[in-house]
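First up is the structure itself, then whatever we jot down about it.
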Amino acid sequence: MSQLTVYNSLTRKKEVFKSIIPNRAGMYVCGPTVSGESHLGHARPFITFDIIYRYLRHLGYKVRYVRNITDAGHFEEEGREAEDKISKKAVLEKLEPMELVQKYTNLFHWAMRAFNNLDPDIEPTATGHIVEQIGMIEKIIVDGYAYEANGSVYFDVEKYNRDFAPKGMPYGILSGRVLEDMLETTRELDNQEEKRNKADFALWKNAPPEHIMRWASPWGEGFPGWHIECSAMSTKYLGREFDIHGGGMDLQFPHHECEIAQSAVCNHHIPARYWLHNNMITINGKKMGKSYNNVIKLTELFSGSHPALEQGYSPMVIRFFILQTHYRSTLDFSNEALKAAERGLKRLWEGYENLKKLPDSNNGTQAANTDAALNEKVTSLLAGFDEFMDDDFNTAKVMANMFELVPVINGIKDKHIAEDALSTATLAALKGKMKTFMEDIFGLMDEQESKDGKLDSVLQLLITIRKDARNKRDYITSDKIRNELATIGIQIKDEKDGNMSYTIG
RNA sequence: GGUCCUGUGGCCGAGUGACUAGGCAGAGCUCUGCAAAAGCUCGUACAGCGGUUUGAAUCCGCUCGGGACCUCCA
0 MSQLTVYNSL
10 TRKKEVFKSI
20 IPNRAGMYVC
30 GPTVSGESHL
40 GHARPFITFD
50 IIYRYLRHLG
60 YKVRYVRNIT
70 DAGHFEEEGR
80 EAEDKISKKA
90 VLEKLEPMEL
100 VQKYTNLFHW
110 AMRAFNNLDP
120 DIEPTATGHI
130 VEQIGMIEKI
140 IVDGYAYEAN
150 GSVYFDVEKY
160 NRDFAPKGMP
170 YGILSGRVLE
180 DMLETTRELD
190 NQEEKRNKAD
200 FALWKNAPPE
210 HIMRWASPWG
220 EGFPGWHIEC
230 SAMSTKYLGR
240 EFDIHGGGMD
250 LQFPHHECEI
260 AQSAVCNHHI
270 PARYWLHNNM
280 ITINGKKMGK
290 SYNNVIKLTE
300 LFSGSHPALE
310 QGYSPMVIRF
320 FILQTHYRST
330 LDFSNEALKA
340 AERGLKRLWE
350 GYENLKKLPD
360 SNNGTQAANT
370 DAALNEKVTS
380 LLAGFDEFMD
390 DDFNTAKVMA
400 NMFELVPVIN
410 GIKDKHIAED
420 ALSTATLAAL
430 KGKMKTFMED
440 IFGLMDEQES
450 KDGKLDSVLQ
460 LLITIRKDAR
470 NKRDYITSDK
480 IRNELATIGI
490 QIKDEKDGNM
500 SYTIG
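This is the structure in structure tokens:
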């Protein structure tokens, strides 16, 4: 039995995963900012960490998965005037800030469900933890690592680094930056007067009079800086030190770096042992992101209503698409790639459906035709499932093995391969493992419209009529049924034994 | 400018120094009334140049190309 190894951004190498408390794991993943609709790029971390969550559970860990909702606007600090994304948008859309936040939270949850992502165990909101954030800021001030200026509070990065670098927690430990270098880089930043040092970051921001989202604090009315919410909420729900902290690579700096500094002051620990970062989704080689104006929203992606899309792509196709690549590689979006994923998923899922229909045992004709080489091949492909997942969640390699099993399954179904070529035990292992990995770990599911009920009865009737027609060599009628159904999007498949099946969509 | 990543067959992509991942598309064949589906077979790719090595897509150097972060960002 191999051990789970994960690539830790903190140490920049793969390490054996060992949880702080045996058989329990705490995982914090940075969630969405609900000031707008999620796009394809956002889907990646949530699907990636859903797989990680599912796999840890599969390994027997009792996992506490915390994923926050950022519903208190944080600054766009490059702006001349500090502005709050959520407040600004709320004014634009003529909504109460919380109304706006609710709208996009609901939409986010809808998308997560469509992707078949499991719900996190705790999904805390920034606005629900103002008290904790203020408490943490106060502690940082008392310890001397933050200062107040005009109703705002800033973290003193230079002082922090001076004191914590000797303790093995320099500012830049996660992103591999050297503070001195950062201070040297000449970069024009506005709104810097209040900061003692340009590397300092806001813990609390004074709210100008017109600002709608505001809370009372020891420093006047204002709202929290972005980084502090994750520190406050991860500490509250996972403790001073927990196992996994996840998010997109673009959060590594400054967001996660700042979290480490804040938590180090308050908790004397780097908050998480393992820092996992997923890579970006690109489009035409460029990162998909608001600033590049190249995002495809999830609603657009599903429906196909975006100029860059030739068609809509279902949530499962997106999920499959993401799983086909290792999470630390960039993944380039294109219609060709998505269409290939769509067909690939169809083939894989149908193979899996066929597997489920194979009889469990071969009527006691034990070992008559058992093909030793084939059994071995199947067993070894199945063993690869665990091996590859243990190697930093290499879903792409698991997927490749699954695809290698498909011809075996279809071969048995179509009788190219003897029914009893696989031993009862191997077949059982195949069925069990495929179910576990396809459904429980990869979270794939059937998106076809229900085969139950009246639609199925109607289709079975059409199939019966078509069979009769074929038996009578009335190919005009049989082809008409097949072709008309195809137009509607229902595919009739003639099978070896004269049976017919159908797939929708 | 600083730090780092990356360049694989028509396309997408995995790759731990020797054992030619996988998917999509394409070609041929089998099955089939026809078609689809399915099965079988086929394509020997690793940006370029040099080096290390018995052996390099994989390690090192240089060149060229692409990208990320350094500012909000998944």
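Just so we're aligned, residue 0 is where the first sequence starts under numbering that gives the first Met the number 0, counting upward by one.
Just so you know, even glycine gets a beta-carbon here, dropped at the ideal spot from N, CA and C.
The structure presented is a predicted model; accordingly, all values stated were derived computationally and were not measured.
Could you tell me the distance, in whole angstroms, from the CA atom of L173 to the CA atom of N7? One-based indexing of the first sequence puts residue 173 at position 174. One-based indexing of the first sequence puts residue 7 at position 8. Using only the alpha carbons, I get a separation of about 10 angstroms.
Drop a sphere of 10 angstroms on the beta-carbon of E258, count the other beta-carbons inside from all chains shown, and report buried for 16 or more, exposed for fewer. Start at 1 with the first residue of the first sequence, and residue 258 comes out as number 259. Flag for E258 reads buried.
Rank A271, L322, R327, S333 by C-alpha distance to the C-alpha of N293 and give the top, closest one. Start at 1 with the first residue of the first sequence, and residue 293 comes out as number 294. The alpha carbon of N293 has as its nearest neighbour, out of A271, L322, R327, S333, the alpha carbon of S333.
Alpha carbon of I136 to alpha carbon of P406, nearest angstrom: On the first sequence, position 137 is the one that residue 136 refers to. On the first sequence, position 407 is the one that residue 406 refers to. Rounded to whole angstroms, I136 to P406 spans 59 angstroms at the Cα level.
Please state whether the Cβ-Cβ distance between A427 and N368 is less than 8 angstroms. Counting from 1 along the first sequence, the entry for residue 427 is found at position 428. Counting from 1 along the first sequence, the entry for residue 368 is found at position 369. Cβ distance not < 8 angstroms, so A427 and N368 don't count as in contact.
Can you tell me whether K453 is helix, strand or coil according to DSSP? Numbered from its first residue, the first sequence carries residue 453 at position 454. K453 falls in the helix class under three-state DSSP.
Residue burial classification, I20 (beta-carbon count within 10 angstroms, cutoff 16): The count along the first sequence starts at 1 and reaches residue 20 at position 21. So I20 ends up on the exposed side.
Taking N277 as the reference, give the member of A145, R327, K289, M444 with the closest Cα. Position 278 of the first sequence, counted from the start, is the residue given in the question as residue 277. Closest by alpha carbon: R327.
Checking the sheet assignment: what are the DSSP bridge partners for Y159? Residue numbering aside, residue 159 sits at position 160 when the first sequence is read from its first letter. Beta-bridge pairing links Y159 to no other residue.
Option in R11, L347, V15, T10 with minimal Cα separation from M388: As a first step, residue 388 must be located in the first sequence, where it is residue number 389. Comparing Cα positions, the closest option is V15.
Which residue comes first and which comes last in the alpha helix (DSSP H) that contains R318? The residue labelled residue 318 in the question sits at position 319 within the first sequence. Note, R318: alpha helix (DSSP H), 314-322.
Label P217 either buried or exposed according to how many other C-beta atoms from any shown protein chain fall within 10 Å of its C-beta, with 16 as the threshold for buried. For the purposes of this step, residue 217 is taken as the residue at position 218 of the first sequence. P217 is exposed by the Cβ-count criterion.
Residue range of the unbroken beta strand (DSSP E) whose run includes D493: Here residue 493 refers to the residue found at position 494 of the first sequence. Under the DSSP assignment, D493 falls in the beta strand (DSSP E) whose first and last residues are 489-493.
Can you list, in chain order, the residues of its chain whose CB lies under 6 angstroms from that of E494, leaving out five sequence neighbours each side? Here residue 494 corresponds to residue number 495 of the first sequence, with the count starting at 1. Excluding sequence neighbours, E494 sits near nothing in its chain.
With distances taken between CB atoms, is the gap from A42 to L347 smaller than 8 angstroms? For this step, residue 42 is matched to residue 43 along the first sequence. For this step, residue 347 is matched to residue 348 along the first sequence. No, Cβ-Cβ distance for A42 and L347 is not below 8 angstroms.
Would DSSP call K166 helix, strand or coil? On the first sequence, position 167 is the one that residue 166 refers to. Residue state, collapsed to three classes: coil.
If you draw a straight line from the alpha carbon of R239 to that of K434, how long is it in whole angstroms? Residue 239 sits at position 240 when you count from the first residue of the first sequence. Residue 434 sits at position 435 when you count from the first residue of the first sequence. R239 and K434: Cα-Cα distance of roughly 37 angstroms.
Nearest candidate by alpha-carbon position, reference H305, set T32, H38, Y60, R318: Residue 305 sits at position 306 when you count from the first residue of the first sequence. Nearest C-alpha to H305 among T32, H38, Y60, R318: H38.
Given 8 angstroms as the limit, is there contact between the region 154-173 and the region 192-201, that is, 3 or more CB pairs closer than that? yes
Excluding the five sequence neighbours on either side, which residues of its own chain have a C-beta within less than 7 angstroms of the C-beta of M315, listed in chain order? In the first sequence, residue 315 corresponds to position 316, counting from 1. Around M315: L344, L443, M444, E446.
Quick check on D467: does DSSP put it in helix, strand or coil? In the first sequence, the residue the question calls residue 467 occupies position 468. Looking at D467 - three-state DSSP - the assignment turns out to be helix.
S214 and I139 closer than 8 angstroms at C-beta: The sequence position of residue 214 within the first sequence is 215, counting from 1. The sequence position of residue 139 within the first sequence is 140, counting from 1. Position check: residue 214 holds Trp in this sequence, whereas Ser was assumed. Their beta carbons are not under 8 angstroms apart, which means W214 does not touch I139 by this criterion.
With distance defined between alpha-carbon atoms, name the residue in T329, Q310, R318, V62 nearest to V285. In the first sequence, the residue the question calls residue 285 occupies position 286. The sequence given here places Lys at residue 285; Val does not occur at that position. Residue T329 is the option with its Cα nearest to K285.
Tell me which residues share the same chain as E122 and place their Cβ nearer than 8 angstroms to its Cβ, disregarding the 5 neighbours each side in the sequence. Here residue 122 refers to the residue found at position 123 when the first sequence is read from its first residue. The answer, listed in chain order, is G30, V65, R66, N67, I68.
Could you check which residue in G246, G35, D120, S18 has the C-alpha nearest to that of K102? What you label residue 102 is simply residue 103 of the first sequence in a count that begins at 1. Of the candidates G246, G35, D120, S18, the one whose C-alpha sits nearest the C-alpha of K102 is G35.
Is V141 helix, strand or coil when you go by DSSP? Numbered from 1 along the first sequence, position 142 holds the residue referred to as residue 141. Helix, per DSSP.
In terms of residues, what are the limits of the beta strand (DSSP E) holding W214? As a first step, residue 214 must be located in the first sequence, where it is residue number 215. Element bounds for W214: n/a, residue is neither H nor E.
Under the three-state reduction of DSSP, which class applies to K286: helix, strand or coil? Residue 286 sits at position 287 when you count from the first residue of the first sequence. Here K286 sits in strand by DSSP.
Contact check, N507 vs G221, beta carbons under 8 angstroms: Residue coverage of the chain in this structure runs from 0 to 504, which leaves residue 507 outside it and unanswerable.
Have a look at M212 and L454 and give me their C-alpha separation to the nearest angstrom. Residue numbering aside, residue 212 sits at position 213 when the first sequence is read from its first letter. Residue numbering aside, residue 454 sits at position 455 when the first sequence is read from its first letter. Between M212 and L454, the alpha-carbon positions lie close to 51 angstroms from each other.
Pick from K13, P270, G219, F319 that is closest to I50, judged by C-alpha positions: Translated into positions along the first sequence, residue 50 becomes position 51. I50 has its Cα closest to that of F319, out of K13, P270, G219, F319.
Whole beta strand (DSSP E) elements within the region 18-50, 3-residue minimum: 23-28
Comparing C-alpha positions only, which one of Y236, E192, K479 sits nearest to T124? Residue mapping note: residue 124 aligns to position 125 of the first sequence, counting from 1. Minimum Cα distance to T124 is reached at Y236.
Can you say whether E256 is buried or exposed, counting buried as having 16 or more other CB atoms within 10 angstroms of its CB? Counting from one through the first sequence, the residue named residue 256 turns up at place 257. Under this definition E256 is a buried residue.
Coil, strand or helix - K204 by DSSP: Numbered from 1 along the first sequence, position 205 holds the residue referred to as residue 204. Look at K204 here: in three-state DSSP terms it is strand.
Going by DSSP, name the residue or residues bridged to F154. Translated into the one-based positions of the first sequence, residue 154 becomes position 155. Paired residue(s): A145, F200.
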